[in-house]
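Undergrad:
Protein chains: 2
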Amino acid sequence: MYNTVIIRYGEIFLKSEFIRREFEKKLIRNIKKRIGDASIFRKRHRIYIKTENAKEVSERLKTVFGIVSVSPAIKTDANVENITEISLALAKKIIRPGERFAVRAERSGRHDFSSKDIENLVGEEILNSIHGRVDLENPDKTIFIEVRDDLAFIFDKKIKGLGGLPYKSQGRLIALLSTGIDSPVAAWMMMRRGCEIVVLHLGNVNEIKEIMNRLEFFTDEKIKSYIIPYDKILEKISEHSGRYTCIVCKRFMYRIAERIAEIENAHGIVTGENIGQVASQTLENLKVINCLDIPVYMPLVGMDKEDIIKIAKDIGTYGLVKGKKCDYIPKKPVTRSSEEIITKIEEEMGIERFIENVQDNFILKKGPSR
Amino acid sequence: MYNTVIIRYGEIFLKSEFIRREFEKKLIRNIKKRIGDASIFRKRHRIYIKTENAKEVSERLKTVFGIVSVSPAIKTDANVENITEISLALAKKIIRPGERFAVRAERSGRHDFSSKDIENLVGEEILNSIHGRVDLENPDKTIFIEVRDDLAFIFDKKIKGLGGLPYKSQGRLIALLSTGIDSPVAAWMMMRRGCEIVVLHLGNVNEIKEIMNRLEFFTDEKIKSYIIPYDKILEKISEHSGRYTCIVCKRFMYRIAERIAEIENAHGIVTGENIGQVASQTLENLKVINCLDIPVYMPLVGMDKEDIIKIAKDIGTYGLVKGKKCDYIPKKPVTRSSEEIITKIEEEMGIERFIENVQDNFILKKGPSR
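Those sequence lines, one after another, are chains G and C. Per this note's numbering, the first sequence starts with residue 2, numbered consecutively. Per this note's numbering, the second sequence starts with residue 2, numbered consecutively.
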């Protein structure tokens, strides 16, 4: 029956007309990337798609960033006869004998009927021909009617989307991706807020291939990534740093990310850092690790591990992480390091040389691995 | 009936014995701050409180940071007779005729019975004397039995707590608090992760008094705060900055926060910043705003407004925000500023002078307002 998909986005936060139009333009671009060319039209803070596969298309669209909810719907002309007829036909299909139902109408534009009129009329028609009963508080099924100027949309479901902002509507970040639970969630959260990401992984490509694929499920495009072999560097760091290894290692990663940010014209980096989860993540250590001039975004910083795991499961990265423990974590990692000690270690091992080497041979010469 | 409260914390993430003991010590300190002196004992990753007001104490403790869940319980000796008798008495109290119930036992220590034995025995006893039926999948009521060495705890509810880490277990942050929805949520999230906060508000004390009181509900102690009159400074900023006002204003606030961080020995600042919510919050602008040497934590940066409002309602700050719109927001705020333009504006207006003035007269001379 459905011939249309209704797409809702966070319009209440798009107060300026200009920003709203920009938002819509980018959202439509991303919708087309997801479902291919489609017959799309706009009307009063909604985007609509004309399609014979409205259910399937709705399912595919609900994971496009920026979409708050979708509904497979039946589009018709905004007159009482059409609305009643189609609402009744839909009701007959979905309401089973004895079930409680509600009719909810809303309207914008000029009409010679009110929302209440429609609700009463359709409600009565349904009662006359179906063995159901009205329950506005706690219905089993609801018939929704949205009248927009000359058109009416009739539907029975609002399928929740991911919300957020359209991918690539907000500039670019370098995402430090490890093989753990946290960093893919952090990257995903910033992607959901419209930021394009370029991935940096220190290790090998196989470790993160599946996670990358999963993240690309949301973007419908390849995510650029820099993969930099790390074993030998980390060995060296560990030799020189002892109990400070995790801090020196992170500063190294941050600095490589900063180099890539310059090349990729990115506005910051994003990491899965979290307060107090492991020894290196005290406020004291994070202050020392945070050695960059560009912003480091840590969207998980105020969350519990439990919350992070929940998101990882929801977005499908949880099952893909390797969870291999780093061999170089010291037995008793330092919880309170200082800038002085760390810079001394870095100087002794000549860390600049390692950074320049990575810069020359992997960032500049080799470039992104895809 | 209840004579004990069981307190559970996120023990699975406290792998080292030393860190766990530190955590427990701080949690117990905070528990005592909430409920006064109490008879507390520890046993195998649980904290217990002996009390005749177990229900009321549980309700009060569920909002202490670091507590994952609490249960009013009945403590008894770990022998089969006692356990059965008390479980039956509790069952008689809570299971109504016809209801489905389950018995769940777990055990650690050495005993001459297994958890399964207990479940079967207690289940049978209940069936014999109550008109209920067993349903392990979807029970209306559950009798939980936790055996710990020589003690057994019998209860029927796990009341969810806030999780997180004990307040003041993780160092100190300066929290920029405005009169809006976001910043109290940001401060609260870092508090929940164990960070002590010192508040900085640019404005007057009345605007944020209620929010401060609400945040102090969670800490059971006064939160130190610096309140700095801002009208005249903001007027000046606006005069010089035009469309760049919000950016210059934020940089000013950040710098004041940094000064206070030095004095208060804090490890960073926390703000309610969020990507793309308002014009000043583009990645380009945030990069310019982020002008400090110390870390700026933005726990809301990856969240939707909807998520933030939900937390604000849950923690009780939503109804307290004044939501007054700033009079100085430009009609068309700049979405892409640059460091060069902003520093030029700052130099022209002699912003250093304003910072020094605030430093001398409000931070050093006047100090925290409480």
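Quick reminder that beta carbons are idealized off the backbone N, C-alpha and C, glycines included. Keep in mind that this is a model prediction, so the values were computed, not measured.
Does the beta carbon of Gly-172/C sit closer than 8 Å to a beta carbon anywhere in chain G?
TA: Yes, Gly-172/C counts as interfacial toward chain G.
Undergrad: Just to confirm before moving on: does the CB-CB distance between Lys-76/G and Thr-5/G stay below 8 Å?
TA: In this structure, Thr-5/G lies closer than 8 Å to Lys-76/G by Cβ.
Undergrad: In angstroms, rounded to a whole number, what distance separates the CA positions of Val-322/G and Thr-272/G?
TA: If I take the Cα positions, the gap works out to 16 Å.
Undergrad: Considering only residues of the same chain and omitting the five flanking positions on each side of Asp-151/G, which have a CB-CB separation below 8 Å?
TA: These residues qualify, in order along the chain: Asp-78, Ala-79, Gly-110.
Undergrad: Check whether chain G comes within 8 Å of Leu-166/C, counting only Cβ atoms and requiring the distance to be less than that.
TA: Closer than 8 Å to some Cβ of chain G, the Cβ of Leu-166/C qualifies, so yes.
Undergrad: Determine, using beta carbons only, whether Arg-47/C and Ile-20/C come nearer to each other than 8 Å.
TA: Contact flag unset, no.
Undergrad: Which same chain residues end up closer than 7 Å to Ile-304/C when comparing Cβ atoms and leaving out the 5 residues on each side of it in sequence?
TA: In the sequence under discussion, the amino acid at residue 304/C is Met, which differs from the Ile named in the question. Correct list, in chain order: Asn-275.
Undergrad: Helix, strand or coil for Arg-256/G, going by three-state DSSP, please let me know.
TA: Note: Arg-256/G maps to helix in three-state DSSP.
Undergrad: Distance, Cα to Cα, Lys-314/G vs Arg-61/G?
TA: Rounded to whole angstroms, Lys-314/G to Arg-61/G spans 19 Å at the Cα level.
Undergrad: For Asp-183/G and Arg-101/C, I'd like the C-alpha separation in whole angstroms.
TA: Going by the C-alpha atoms only, they are around 40 Å apart.
Undergrad: Which of helix, strand or coil does DSSP assign to Ile-119/G?
TA: Residue state, collapsed to three classes: helix.
Undergrad: Of all the beta strand (DSSP E) runs that stay within the bounds of the stretch 78 to 127 of chain C, which reach a length of 3 or more residues?
TA: For the stretch 78 to 127 of chain C, whole beta strand (DSSP E) runs of length 3 or above, ordered along the chain, are 101 to 109.
Undergrad: Are the beta-carbon atoms belonging to Lys-158/G and Pro-73/G less than 8 Å from one another?
TA: Yes, the pair counts as a contact, with Cβ atoms nearer than the cut-off.
Undergrad: Shortest alpha-carbon distance to Phe-66/G belongs to which of Arg-45/G, Ile-330/G, Lys-34/G, Ile-50/G?
TA: The residue with the shortest Cα to Cα distance from Phe-66/G is Lys-34/G.
Undergrad: With C-beta atoms as the reference, is Ala-103/G less than 8 Å away from Asp-136/G?
TA: Result yes, Cβ atoms of Ala-103/G and Asp-136/G sit closer than 8 Å.
Undergrad: Given that Leu-62/G touches chain C, what residues does it touch there, using C-beta distances under 8 Å?
TA: Here the premise fails: no neighbours, minimum Cβ distance about 17 Å.
Undergrad: Have a look at the DSSP bridge pairing and note the partners of Phe-42/G.
TA: Answer is Tyr-49/G.
Undergrad: Using the three-state DSSP reduction, which class does Ile-144/C fall into: helix, strand or coil?
TA: In the structure shown, Ile-144/C sits in a strand (DSSP, three-state: E or B).
Undergrad: With a floor of 3 residues, list each beta strand (DSSP E) that falls wholly inside the stretch 150 to 181 of chain G, ordered by position along the chain.
TA: Whole beta strand (DSSP E) segments, 3+ residues: 152 to 156, 173 to 177.
Undergrad: Rounding to the nearest angstrom, what Cα-Cα distance links Leu-203/G and Thr-180/G in this structure?
TA: About 10 Å.
Undergrad: Quick one, which residues of the stretch 182 to 199 of chain C are near chain G if we go by CB-CB under 8 Å, in chain order?
TA: Cβ contacts with chain G come from Ala-187, Met-190, Met-191, Arg-193, Arg-194, Gly-195, Cys-196.
Undergrad: Cα separation between Ala-55/G and Ile-95/G?
TA: So the two alpha carbons sit approximately 16 Å from each other.
Undergrad: Going straight from the alpha carbon of Tyr-227/C to that of Lys-367/C, what length do you get?
TA: Their Cα atoms are separated by approximately 9 Å.
Undergrad: Who are the neighbours of Glu-265/G on chain A, taking C-beta pairs under 9 Å?
TA: Of the protein chains in this structure, namely G and C, none is chain A.
Undergrad: Expressed to the nearest angstrom, what Euclidean distance is found between the alpha-carbon atoms of Asn-358/G and Phe-253/G?
TA: Looking at the two C-alpha atoms, the distance is approximately 12 Å.
Undergrad: Beta-carbon of Ile-276/G versus every beta-carbon of chain C: anything under 8 Å?
TA: So yes, Ile-276/G belongs to the interface.
Undergrad: Whose C-beta lies closer than 6 Å to the C-beta of Lys-63/G among residues of the same chain, with five residues either side of it excluded?
TA: Hits under 6 Å: Val-71, Ile-160, Gly-162.
Undergrad: Residues bridged to Thr-5/G by DSSP?
TA: Answer is Lys-51/G, Ala-74/G.
Undergrad: Could you name the residues of chain C that His-268/G contacts, counting a contact when the two beta carbons are closer than 8 Å?
TA: Ordered by position in chain C, the residues that pass the 8 Å Cβ test against His-268/G are Leu-284, Glu-285, Leu-287, Lys-288.
Undergrad: Check whether the Cβ atoms of Glu-126/G and Leu-166/G sit closer than 8 Å, and answer yes or no.
TA: Contact: no.
Undergrad: On the DSSP letters alone, give me the boundaries of the alpha helix (DSSP H) that Ser-242/C sits inside.
TA: Its alpha helix (DSSP H) spans residues 232 to 242.
Undergrad: Is the CB-CB distance between Gly-172/C and Glu-285/G below 8 Å?
TA: Contact: yes.
Undergrad: Among Tyr-298/C, Phe-154/C, Gly-195/C, which has the Cα closest to the Cα of Lys-27/C?
TA: Looking at the Cα atoms, Gly-195/C is the closest of the given residues.
Undergrad: In chain C, which residues lie less than 8 Å from Asn-31/G when you measure between Cβ atoms?
TA: Per Cβ cutoff of 8 Å: no residues; Asn-31/G is ~15 Å from chain C at best.
Undergrad: Could you work out which residues of chain C lie near Val-302/G, taking near to mean beta carbons separated by less than 7 Å?
TA: In chain order: Tyr-298, Pro-300.
Undergrad: Helix, strand or coil: which one does DSSP assign to Leu-301/C?
TA: Coil, per DSSP.
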